[in-house]
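Q: Residues in the sequence shown are numbered from 48 upward in steps of one, following this note's numbering. Sharing a structure with you now.
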Amino acid sequence: MKITVENGKMHVPNNPTIPYITGDGIGRDITPVALKVFDAAVEKAYNGQRKVEWLKILAGEEALEKKGEPLPKETIEAIKEYVVSIKGPLTTPVGGGYRSLNVTMRQVLDLFVCFRPVRYFTGVPSPMKHPELLDVIIFRENTEDVYAGIEWPYDSKESIEIKNFLKDKLNVNIKENSGIGIKPISISGSKRIGKAAIDYALKYGRKSVTIMHKGNIMKYTEGLFKNVIYQLAEEEYKDTVITEKELTEKYNGKVLDGKIVLKDRIADAMFQQLLLRPSEYDIIVAPNLNGDYISDACAAQVGGLGMAPGGNINFNTHIALFEATHGSAPKHAGKNEINPGSMILSGAEMFEYMEWDEVKKIIITAIEKTIQEKYVTYDLARQIDGARKVSTSDFGDRIIKNMEDI
Ligand code: NAD
Numbered sequence: 048m049k050i051t052v053e054n055g056k057m058h059v060p061n062n063p064t065i066p067y068i069t070g071d072g073i074g075r076d077i078t079p080v081a082l083k084v085f086d087a088a089v090e091k092a093y094n095g096q097r098k099v100e101w102l103k104i105l106a107g108e109e110a111l112e113k114k115g116e117p118l119p120k121e122t123i124e125a126i127k128e129y130v131v132s133i134k135g136p137l138t139t140p141v142g143g144g145y146r147s148l149n150v151t152m153r154q155v156l157d158l159f160v161c162f163r164p165v166r167y168f169t170g171v172p173s174p175m176k177h178p179e180l181l182d183v184i185i186f187r188e189n190t191e192d193v194y195a196g197i198e199w200p201y202d203s204k205e206s207i208e209i210k211n212f213l214k215d216k217l218n219v220n221i222k223e224n225s226g227i228g229i230k231p232i233s234i235s236g237s238k239r240i241g242k243a244a245i246d247y248a249l250k251y252g253r254k255s256v257t258i259m260h261k262g263n264i265m266k267y268t269e270g271l272f273k274n275v276i277y278q279l280a281e282e283e284y285k286d287t288v289i290t291e292k293e294l295t296e297k298y299n300g301k302v303l304d305g306k307i308v309l310k311d312r313i314a315d316a317m318f319q320q321l322l323l324r325p326s327e328y329d330i331i332v333a334p335n336l337n338g339d340y341i342s343d344a345c346a347a348q349v350g351g352l353g354m355a356p357g358g359n360i361n362f363n364t365h366i367a368l369f370e371a372t373h374g375s376a377p378k379h380a381g382k383n384e385i386n387p388g389s390m391i392l393s394g395a396e397m398f399e400y401m402e403w404d405e406v407k408k409i410i411i412t413a414i415e416k417t418i419q420e421k422y423v424t425y426d427l428a429r430q431i432d433g434a435r436k437v438s439t440s441d442f443g444d445r446i447i448k449n450m451e452d453i
């Protein structure tokens with residue numbers, strides 16, 4: 048049965064149909080293993096009362112082979128129609144071919160939040176002394192900023208026209224040999240992601256939302272992003288959100304139950320803060336480019352992309368596409384050796400999004416146990432003393448076995 052959205056609320060039946068894209072390269076190794084783990088976790092949580100019906104949809108190389116195009120219309124339609132779906136990594140051909148399917152899907156489906164939770168799993172090798180202090184979720188804006196793809200080569204007709212316009216009309220001189228890119232950040236775009244981040248923080252009892260921006264320099268884009276979210280909190284969340292300033296001036300530094308703190312940090316300082324004072328941060332909301340950088344930096348702090356989940360979500364239509372955050376790593380493809388952790392954990396987030404929280408808990412507990420047993424794929428095994436290096440499928444099977452006594 049289909050997941051539906053009525054009056055702005057998502058309804059998940061006991062046997063939802065969830066489309067999945069296998070993905071290119073290592074997608075063919077990790078996706079079947081991840082689906083097997085998901086089925087086992089759902090069975091464990093609900094004893095047959097609930098079950099997912101997986102619907103294979105095509106994108107990337109497989110779609111090109113079978114349908115003659117990398118992103119068939121019916122794939123986009125299925126993601127819309129079934130509301131929640133999951134995908135493996137898709138290759139972007141370098142220097143020609145087709146443009147990034149990931150970016151296209153985010154834009155076409157208006158999946159305005161790139162949702163990236165980052166936390167530590169005991170036993171995973173990390174460069175930090177206390178990786179466990181980092182437990183954040185990044186809400187990266189997915190549709191605007193310099194990533195909107197509005198740019199022209201230095202010698203193109205368009206960029207020459209823009210440079211002439213700026214010179215003639217606005218008295219702004221740009222070097223002739225400059226390429227031009229445009230950085231749009233809107234009030235509406237900033238407001239909807241600010242709202243999604245605050246709502247999420249309130250729903251899941253998180254402590255704070257931090258706006259990461261470079262508004263001191265880019266006043267009318269990143270500065271706007273920050274101001275809009277503060278204004279949103281002031282107008283729509285007066286009872287539940289307090290600013291850092293209010294926290295010291297009015298509340299003596301103590302946050303009352305059910306309230307969250309809204310703060311902001313300049314982007315460069317944010318990188319330092321997450322290394323030096325990780326426990327002070329919780330939900331982070333950022334424009335596209337900052338969000339991209341900080342997501343990978345945070346993932347590195349807890350041991351890398353092999354274990355970093357993600358999703359692309361429109362919190363208004365509820366359409367969500369969860370995904371492994373790494374790429375298709377072609378040199379490892381078909382060898383049954385790659386870590387399926389990112390895909391499995393993305394599924395755990397997907398189940399939480401469907402409010403099947405029990406499934407997420409089971410997956411996380413079992414994966415943690417498997418890592419603590421040092422039963423891991425090559426990427427982790429080479430960094431853990433005494434580890435047993437296992438294949439992608441053995442890692443998945445061990446996670447399933449470790450669900451037995453939960
Ligand atoms: P990549 O993430 O595919 O791989 C880089 C390296 O990271 C690999 O060689 C491997 O050593 C390691 N790695 C990646 N995933 C791992 C895993 N699950 N377990 C263990 N080690 C892992 O990055 P790339 O080589 O830059 O990109 C390859 C292709 O993937 C490109 O076409 C790129 O455009 C695409 N890509 C897709 C996505 C996506 O679908 N969301 C994201 C990033 C890159």
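All C-beta atoms, glycine included, are put in the ideal place defined by N, C-alpha and C.
Less than 6 Å between C-beta atoms, sequence neighbours within five positions excluded: which residues of the same chain meet that for G14?
A: The question about residue 14 has no answer, for the chain in this structure spans 48 to 453.
Q: Decide if the segment 223-230 is in contact with the segment 194-204; the criterion is three or more beta carbon pairs, one per stretch, under 8 Å apart.
A: Contact between the segment 223-230 and the segment 194-204 is present, because at least three Cβ pairs lie under 8 Å.
Q: With contact counted as at least three CB pairs below 8 Å, one residue from each stretch, are the segment 382-397 and the segment 426-439 in contact?
A: The answer is yes - the segment 426-439 touches the segment 382-397, with three or more Cβ pairs under 8 Å.
Q: Between the Cα of I258 and the Cα atoms of G252, K266, G241 and T268, which residue gives the shortest distance?
A: Selected option, being the one with the closest Cα: G241.
Q: With respect to 6 Å, is the separation between the Cβ of L137 and the closest non-hydrogen atom of the ligand NAD below this value?
A: Indeed, a heavy atom of the ligand NAD lies less than 6 Å from the Cβ.
Q: Is there at least one non-hydrogen atom of the ligand NAD closer than 6 Å to the beta-carbon of A81?
A: No; taking the cut-off as 6 Å, the Cβ of A81 has no heavy atom of the ligand NAD nearer than that.
Q: Whether or not the segment 334-349 and the segment 131-141 are in contact is what I'm after, with contact meaning three or more pairs of Cβ atoms, one per stretch, closer than 8 Å; do they touch?
A: Taking 8 Å as the limit for Cβ pairs, the verdict is that the segment 334-349 does not touch the segment 131-141.
Q: May I ask whether a heavy atom of the ligand NAD can be found less than 6 Å away from the beta carbon of N211?
A: No, the beta carbon of N211 sits no closer than 6 Å to any heavy atom of the ligand NAD.
Q: With a threshold of 6 Å, establish whether the CB of H365 neighbours any heavy atom of the ligand NAD.
A: The answer is no for H365.
Q: Indicate, with yes or no, if the ligand NAD has a heavy atom lying under 6 Å from the CB of A106.
A: No - the ligand NAD has no heavy atom lying nearer than 6 Å to the Cβ of A106.
Q: Taking L249 as the reference, which of K222, E293, Y284 and S235 has the closest Cα?
A: Residue Y284 is the option with its Cα nearest to L249.
Q: Return the CA-CA distance between S375 and Y267, expressed in angstroms with no decimal places.
A: Rounded to whole angstroms, S375 to Y267 spans 37 Å at the Cα level.
Q: Within the present structure, is the beta-carbon of G338 separated from the nearest heavy atom of the ligand NAD by less than 6 Å?
A: G338: no, Cβ never under 6 Å from the ligand NAD.
Q: Between P60 and K306, what straight-line distance do the alpha-carbon atoms span, to the nearest angstrom?
A: P60 and K306: Cα-Cα distance of roughly 32 Å.
Q: Under 6 Å from any heavy atom of the ligand NAD, does the C-beta of K386 make it?
A: Sequence check: residue 386 is Asn here, not Lys. Yes, since a heavy atom of the ligand NAD falls inside the 6 Å radius drawn around the Cβ of N386.
Q: Leaving out five residues before and five after R253 in sequence, what residues of the same chain have Cβ atoms less than 8 Å from its Cβ?
A: If we look at R253 and ignore the five residues flanking it on each side, its Cβ neighbours are I184, Y247, I307, D329 and I330.
Q: Thinking C-alpha only, which one of D215, S206 and S173 is nearest A428?
A: The shortest Cα separation from A428 among D215, S206 and S173 belongs to S173.
Q: Would you kindly check if the distance between the Cβ of L309 and the Cβ of V275 is under 7 Å?
A: Not closer than 7 Å, so no.
Q: Is the beta carbon of K407 less than 7 Å from the beta carbon of F398?
A: Yes. Within cutoff.
Q: Just confirm the distance between the C-beta atoms of V99 and V84, as a whole number of angstroms; I'd bet it's less than 8 Å.
A: No, V99 and V84 are not in contact; Cβ-Cβ is about 12 Å, not under 8 Å.
Q: DSSP on V171, reduced to helix/strand/coil?
A: V171 falls in the coil class under three-state DSSP.
Q: Going by CA-CA distance only, name the one from D182, K301 and V150 that's closest to G107.
A: Residue V150 is the option with its Cα nearest to G107.
Q: Which runs of the alpha helix (DSSP H) at least 4 residues long sit entirely within the segment 281-341? Give them in chain order.
A: The qualifying runs are 291-296 and 314-323.
Q: What first and last residue would you give for the alpha helix (DSSP H) that runs through N211?
A: N211 -> alpha helix (DSSP H) spans K204 to L217.
Q: Nearest by alpha-carbon distance to Q348: which of V52, S132, P164 and Y93 is it?
A: Measuring from the Cα of Q348, the nearest candidate turns out to be P164.
Q: At what residue ranges does the segment 363-440 contain a whole run of the beta strand (DSSP E), taking only runs of 3 or more?
A: Complete beta strand (DSSP E) runs here, min 3: 367-371.
Q: Rounded to whole angstroms, how far is the Cβ of I123 from the Cβ of V155, which I believe are closer than 8 Å?
A: Going by Cβ atoms, the distance from I123 to V155 rounds to 6 Å, so yes, they are a contact pair.
Q: Which residue marks the beginning of the beta strand (DSSP E) containing E112, and which one marks its end?
A: Segment E108 to K114 is the alpha helix (DSSP H) holding E112; no beta strand (DSSP E) there.
Q: Between which two residues does the beta strand (DSSP E) containing D71 stretch?
A: Here D71 belongs to no beta strand (DSSP E), and DSSP marks it neither H nor E.
Q: Got a sec, what are the start and stop residues for the beta strand (DSSP E) K238 sits in?
A: Element bounds for K238: not the beta strand (DSSP E) but the alpha helix (DSSP H), I234 to K250.
Q: Pick helix, strand or coil for E198, following the three-state DSSP scheme.
A: Looking at E198 - three-state DSSP - the assignment turns out to be strand.
Q: What is the DSSP secondary structure of R163, reduced to helix, strand or coil?
A: Note: R163 maps to strand in three-state DSSP.
Q: Could you compute how far the alpha carbon of L217 sits from the alpha carbon of G353?
A: Using only the alpha carbons, I get a separation of about 48 Å.
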